[in-house]
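Reminder that position 299 of the sequence shown reads as 958 in my numbering, one-by-one numbering, no gaps.
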Amino acid sequence: MPMQSPIGLDDLRHFFLIAEAGGVSAAARRFDISKATLSRAIARLEDQAKGPLFDRLSTGLQLTQAGEALMDAARQATEAGSSAENVLRTVIEEPQGALRVAASALSAQYLVSPVLARLTADYPLVTAHIKVTADGPDPLAEDLDLVLQLGRPQEPYLIARRIIGTPMKLYCGPDFAASHPVDDPQAVTELIRVCVDVPGTSHEWTLTDQDGVPVRFDKTPSVFAGDPSVALGLVRSGAGVTLLPALYGDMQVRRGDVVPVLPGHEAPAVEIFAVFPPRRSSVPAVRIFIDYLIEYANALVHRT
C-alpha cells in the first residue's frame with residue numbers, strides 16, 4: 660500500500676486563511692493570494708481527508724467535522740510559519756524583504772507614503788505593501804507588520820508605540836465658510852455635522868477655548884463617514900463641518916482646501932499609535948520605519 664503524501668504546511672495555512680475569511684474569494688481579497696492557489700490547496704487537503712473540509716452554503720463556507728478537527732493544526736502551522744519568517748527577518752541586519760503596513764487613507768497619504776518613499780530609497784531591498792483601511796485591523800490576524808491607528812489597541816497581546824499626539828479641530832470648506840457663521844460658537848453647534856465613524860473617535864464633540872469654556876455639539880450628525888478622507892472630501896464640497904486631527908486638517912488649511920471653524924477651540928488630543936505583534940519591532944525594516952515615522956510626524960507638527 661503506497662504511503663500517503665505528507666500534508667503541506669502551505670496547504671494548511673491556506674486552509675486556515677479560508678476558514679478565517681469565510682470563503683475562497685474573501686480570503687483571496689483579504690490576503691492577496693490567488694483563488695486558484697487557495698482552491699488547489701483545499702482540493703489536496705480534501706483528497707487526503709477523503710472527504711470535504713467545508714460545506715458549501717449559499718452564505719459561504721462552513722467547516723465540516725473534519726474541517727473543525729483540522730483547524731487547530733492549521734492554526735499552529737500558520738503561526739509557526741509566521742514565527743519562522745520573523746526570526747529570519749530579525750537576524751538580517753540590513754532592512755529587506757516585505758514590509759506590510761495598514762493605515763487609513765489620510766494617514767497613508769500624508770504620513771505613511773512620505774516615510775515609505777524615504778525608506779525604500781535608503782533601503783532598496785525593502786518591498787512595501789500598504790493596505791488602506793479605517794477599521795484598525797488586527798495585525799496578527801491579517802499578517803501585517805504594523806497598523807497605524809488612533810488610540811491604543813484593545814488586544815492585550817499587541818504592542819503599541821506612540822507616534823504623535825494631535826488636537827482635534829473643526830474644519831469646513833471655503834464656500835461653506837463664506838455663507839455660514841463659523842466664528843460664533845452657538846451658531847456653529849447648529850451647523851450640519853459630518854462625523855468620522857472609525858474606532859478611536861466619538862460622535863459627541865466637546866471643544867474648549869483657551870479659557871476652558873466648552874462648546875458642545877449634540878445635534879444628530881447628517882453624515883457618518885467610514886474614513887477621515889471621506890469626511891474631508893465631503894466638507895471640501897460644502898457638506899458641513901467635521902472634526903479632524905489637526906495634524907491632517909491644518910495641512911489642508913495651508914493648501915487652501917478647508918478653513919478652520921471656531922479658531923482657538925480644540926477638542927481633546929488624540930494619539931496615533933503604531934500597533935504590531937510581539938517581537939515584530941526587532942525586524943530591521945519595521946524598526947527603521949517606526950523611527951522614520953516618528954521623525955516625520957514630529958516635523959509635520961512643528962512645520963509652520
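Virtual Cβ for every residue (Gly too), placed ideally from N, Cα, C.
Could you spell out the range, first to last residue, of the beta strand (DSSP E) harbouring isoleucine 789?
-> 785-791
Just mark alanine 743 as buried or exposed, buried being the case when its beta carbon has 16 or more other beta carbons within 10 Å.
-> exposed
Mind checking tyrosine 816: buried by the 16 CB within 10 Å criterion, or exposed?
-> exposed
Measure the CB-CB distance between threonine 737 and phenylalanine 675 and report whether it falls below 8 Å.
-> yes
Beta-carbon separation (whole angstroms), glutamine 755 vs tyrosine 782, contact threshold 8 Å | 7 Å
From the DSSP output, which residues share a beta bridge with methionine 827?
-> Pro904 and Ala926
When the Cα atoms are used, what is the spatial distance from histidine 788 to valine 889?
-> 22 Å
What are the residues that DSSP puts in a beta bridge with leucine 720?
-> Arg715
Tell me whether proline 661 sits in a helix, a strand or coil according to DSSP, three-state version.
-> The pLDDT assigned to proline 661 is 45, lower than 50, so where the model puts this residue is not dependable; a value taken from the coordinates is nonetheless given after this. Coil.
Could you pull out every residue in the same chain whose Cβ sits closer than 6 Å to the Cβ of glycine 682, ignoring the five residues on either side in sequence?
-> Gly719 and Leu720
Under 8 Å between C-beta atoms of threonine 825 and valine 960 = yes
Contact set for valine 920: own chain, Cβ-Cβ below 7 Å, skip 5 residues either direction = Leu829, Tyr830, Cys831, Val841, Val847 and Val900
Given arginine 852 as reference, the closest of Asp797, Leu784, His862 and Pro844 once Cα atoms are compared = His862
List the endpoints of the continuous alpha helix (DSSP H) containing glutamine 845.
-> 844-847
Going by alpha carbons, who is nearest to tryptophan 864 out of Asp877, Asp870 and Val857?
-> Asp877
Hey, quick one: how far does the beta strand (DSSP E) through valine 853 stretch, first residue to last?
-> 852-855
Is there contact here, the segment 755-775 with the segment 784-803, by at least three beta-carbon pairs under 8 Å?
-> yes
Pairwise C-alpha distance: valine 785 and threonine 779 | 6 Å
Which whole-angstrom value describes the C-beta separation of leucine 891 and valine 882, a residue pair presumed to lie in contact below a C-beta threshold of 8 Å?
-> Contact flag wrong, Cβ pair sits at about 12 Å.
Burial state of glycine 871, where buried means 16 or more other Cβ atoms lie within 10 Å = exposed
Look up phenylalanine 883 in the DSSP assignment and give the residues it is bridged to.
-> Cys854
Using three-state DSSP, classify alanine 757 as helix, strand or coil.
-> strand
Nearest-angstrom Cβ-Cβ length linking phenylalanine 935 and glycine 810, presumed shorter than 8 Å = Contact doesn't hold; Cβ gap of about 15 Å is too wide.
Cβ-based burial, leucine 758 [other Cβ within 10 Å; buried from 16] = buried
For glutamine 911, three-class secondary structure by DSSP = helix
Mind checking which residues open and close the alpha helix (DSSP H) that includes glutamine 707?
-> 694-708
Compare the Cα-Cα distances from alanine 739 to each of Ile947, Val912, Phe835 and Leu799 and report the closest residue.
-> Leu799
In the DSSP assignment, find the beta strand (DSSP E) that holds arginine 875 and state where it starts and stops.
-> 873-876
Segment limits, beta strand (DSSP E) that includes valine 918 = 918-920
Which one of Pro844, Pro796, Met910 and Glu925 has the shortest CA to CA distance from alanine 956?
-> Met910
Would you mind stating whether valine 774 and aspartate 804 have Cβ atoms separated by less than 8 Å?
-> no
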